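>
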Amino acid sequence: MNTLANALFILFAWILAGAPVAAQGFRPAFLLTGAHNRNSQDLSGQWRYSKDLYRTGLTDINGWVAKSRMQRYRDIDIAAQEARGGADFFEFDMDRGPLINVPGAWNAAEPALRYYDGLMWFQRKFKADPLQGKRAFLRFEAVNYRAYVYLNGKEIGRHEGGFTPFVLEVTDALRAGDNRLTVGVDSQHDAQSIPTAITDWDLYGGITRPVRLVITPATFIDDATLALQQSGRITGEVRLQGPQAAGQQVSVRIGALATAAAVTDGQGRAVFDIQAPAGLARWTPEQPSLYDVQFSTAADAVRDRIGFRTIAVEGNRILLNGKPIFLRGISLHEEEFGPNPSRNMTESASRALLHQIKHGLHGNYVRLSHYPHSEVTVRLADEMGLLVWSEIPVYWTVDWDNPAVLRKALAMQAETVYRDRNRASVILWSVGNETPVSVARTRFHGAMADNVRALDPTRLVSAALLVERRTIDGKDVIEIQDPLAGKLDVLAVNTYAGWYGSDTLDALPGLHWKVPGDRPLILSEFGADALAGYRNDGNKKFTEEYQAEYYRKTLAMADQIPNLRGMSPWILKDFRSPRREHPVFQNGWNRKGLLSESGVPKEAFGVLADYYGKR
Ligand code: GCB
């Protein structure tokens, strides 16, 4: 294509991509947001797996359909076929494959899979009762990164995106009695995936969060939401799906405090708008009050535990329930304590991490980086009283000019917002992390900011930006030179002076910050590596002393930023990263944790805990 044709093509593609920015366009066909409280069968446990590095179970050479002897998803008893003899033979057998725990990443399951990155097949069998007019769905909380799902040999759907849930209807494919569920999981990332192939965290391929078979009535409550508005009213909606979705009476009960009723419209949507009851206890980190909320119709009911609070920006302050708040936080990857994490976020694994933030560091806030964390973690943040920054992995760089990539980002945002919009803890939606400024990149993030605001006008929008260094009038200045700032309610920057670059630690408190003062600013990251136990070797990099001093000096620098309203230093715990291969200090771990991988505190943990204790 010549340059003009190319430009017109991009423009046309952008118009097409822009059209569905009407955020509702990204609403998934089914949400089943209350799934964990429904009649469901948890399919966690031991599954069989089969490696498929050349993807022969999906396609043959030249992209032709896979050979039947390679199709892992076939509903077939291979041992029985083999016993019969004959011309047919097979180059897989899921029934006799090795076992693996689901949920969990395969990289931690056995040493040979540590750096396996590609297609892996999973299978398990389960029994189901006759449906008798009901409907059946599979809800996957997360599959990293692409999923190909087959039930009883039939393809029932695909999904892309490693950190958000998806729901597939299996009413027609499900058998009363024995069923065979097969999932192809492709962990490979490329220039068009989100994130791309290079990050600073582990690959963690697999079915990393629970899978449930959910049974519903023919017409069911797909989604139900309630939120406290600045006006003091509680508003929300319930969406029914099914043949009887229109004209149904829907009721909502908020603990023992209030009830309300509404009738669904032609699309199965009922809206609520009620005065907040006088006795309503507002959710705060200090008193994270949650109410049992029940949404019901004649045929169905779902429950949720919901907290009510408001969040807003006024001038350069952040107001929680109308009162200024400072975010005493830390960043967190989804990785449990221990020498061989598998990203299996059980409630106890997640609680152990959040406990350190809340009670060890005296924090009230966590940055769940760099992707939506498990539903378990976000619910625990609600319960334990930790405010949450939530982000999707538009990280470092993606293919900014590609409308298909933008659509993926907007869809991921929608999946995240629909999943978490009942969580009082979530106050910030981030639209990116450390993406270098360019026209295409800023337009991409701008579309994300518009999308997330349209999906959820009740929360704040931010992004972790890069800072620039300049010398102005002989002074060493740190500034934000990013047009995206105009789209954000809260500015956030990552700053590593004193770790990356040549600054001495003593220079940090003297650095001048030139940032817009009209809005709140958060330090979304700062940090330095230290190997737990490496001490008494001078003030060298990688010692605990260096990291502790780095924290003291960076906190002294931070105290000079007038509109600083919070921080989430990098990071609570050492985490696995294939980028980090120093054979003495790292060995595949990013060592910027305040705790070692198994939870041993480094000196800097105490420095931050003292600071937060006084803040
Ligand atoms: C960053 C990234 C984070 C890295 C960190 C580091 O700026 O946002 O993902 O892990 O720096 O350790 O360099």
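Numbers 0 to 614, taken from numbering that gives the first Met the number 0, label the letters of the sequence shown in order. Don't be surprised by glycine CBs; every beta carbon is placed ideally from N, CA and C. Bear in mind that the values here come from a model prediction, so they are computed numbers and not experimental data.
#1: Can you tell me which of the three DSSP states Q412 falls into?
#2: So N343 and P102 are supposed to be a Cβ contact under 8 Å. How far apart are they, rounded?
#3: My output table needs one value for S349: the three-state DSSP class, helix, strand or coil.
#4: Do you know offhand how far F25's Cα is from L31's?
#5: Give every residue of the same chain whose Cβ lies closer than 6 Å to the Cβ of V142, excluding the five residues on either side of it in the sequence, and list them in chain order.
#6: Within 7 Å: the Cβ of N538 and any heavy atom of the ligand GCB?
#7: In three-state terms, what does DSSP make of A269?
#8: Using the Cβ count rule (16 or more neighbours within 10 Å means buried), how would you classify Q274?
#9: Tell me, to the nearest whole angstrom, how far the beta carbon of L626 is from that of V312; I am working on the premise that it is less than 8 Å.
#10: Taking C-alpha atoms, which residue in Q243, I560 and L530 lies nearest to Q585?
#11: Could you tell me how far apart the beta carbons of R551 and V606 are, in whole angstroms, since I believe they sit closer than 8 Å?
#12: Does A223 get closer than 8 Å to chain C when you measure Cβ to Cβ?
#13: With H, G and I counted as helix, E and B as strand and the rest as coil, what does DSSP make of L483?
#14: To the nearest whole angstrom, what separates the beta carbons of Y394 and H372, a pair I think is in contact under 8 Å?
#15: Evaluate K322 with the Cβ neighbour count: other Cβ atoms within 10 Å of its Cβ, from every protein chain shown; 16 or more gives buried, anything less gives exposed.
#16: Listed in chain order, which residues are found with a beta carbon closer than 6 Å to a heavy atom of the ligand GCB?
#17: Residues in its own chain within less than 6 Å of W498 by CB, not counting five upstream and five downstream?
#18: For T376, name the three-state secondary structure that DSSP assigns.
#19: V262: buried (16+ other C-beta within 10 angstroms of its C-beta) or exposed?
#20: Apart from the five residues on each side of it in sequence, which residues of its chain come closer than 8 Å, Cβ to Cβ, to D116?
#21: Measuring only the C-alpha atoms, how far is V387 from G359?
#22: If you draw a straight line from the C-alpha of G587 to the C-alpha of D449, how long is it?
#23: Express the C-alpha separation of K153 and D398 in angstroms, rounding to a whole number.
#24: Please state if the CB of V213 and the CB of V182 are separated by a distance shorter than 8 Å.
#25: Can you name the residues that DSSP bridges to F294?
#26: Could you have a look at R452 and say whether DSSP puts it in helix, strand or coil?
#27: Measure the C-alpha to C-alpha separation of W120 and I324 and round it to an integer number of angstroms.
#28: My output table needs one value for V20: the three-state DSSP class, helix, strand or coil.
#29: Could you give the DSSP three-state label for P431: helix, strand or coil?
#30: Determine the DSSP secondary structure at F525, reduced to helix, strand or coil.
#31: By Cβ distance, which residues of its chain are closer than 7 Å to R579, with the 5 residues on each side in sequence left out?
#32: Within the continuous beta strand (DSSP E) that includes T470, where are the two ends?
#33: Could you tell me the alpha carbon to alpha carbon distance between D558 and T441, rounded to whole angstroms?
#34: Answer with buried or exposed for A255, where buried requires no fewer than 16 other C-beta atoms within 10 angstroms of its C-beta.
#35: If you reduce the DSSP assignment to three classes, tell me which class W120 lands in.
Quick look at the numbers:
#1: helix
#2: 5 Å
#3: helix
#4: 15 Å
#5: V184 and I206
#6: no
#7: DSSP places A269 in the strand class (E or B) of the three-state scheme.
#8: exposed
#9: Outside the modelled stretch of the chain, which goes from 0 to 614, sits residue 626, for which no answer is possible.
#10: L530
#11: 6 Å
#12: No chain C appears in this structure, which consists of one protein chain only.
#13: helix
#14: Taking a contact as a CB-CB distance under 8 Å, the pair Y394 and H372 does not count as one, their CB atoms being some 15 Å apart.
#15: Exposed is the call here.
#16: With 6 Å as the limit, the residues whose C-beta approaches a heavy atom of the ligand GCB more closely than that are D199, H369, N432, E433, N493, E524, W569, N589 and K591, in chain order.
#17: A527
#18: helix
#19: exposed
#20: S186, Q187, L202 and G204
#21: For V387 and G359, the gap between their C-alpha atoms comes out near 17 Å.
#22: So the alpha carbons of these two residues sit roughly 38 Å apart.
#23: Rounded to whole angstroms, D398 to K153 spans 33 Å at the Cα level.
#24: no
#25: V251 and V301
#26: helix
#27: 47 Å
#28: Below a pLDDT of 50, predicted positions are generally treated as unreliable, and V20, at 46, falls in that range; the measurement from the model is reported next regardless. Helix at V20.
#29: With the sequence shown as reference, residue 431 is identified as Gly, and Pro is not the correct amino acid for it. It is a strand residue.
#30: coil
#31: Q585, G587, W588 and N589
#32: E467 to I471
#33: 30 Å
#34: exposed
#35: strand
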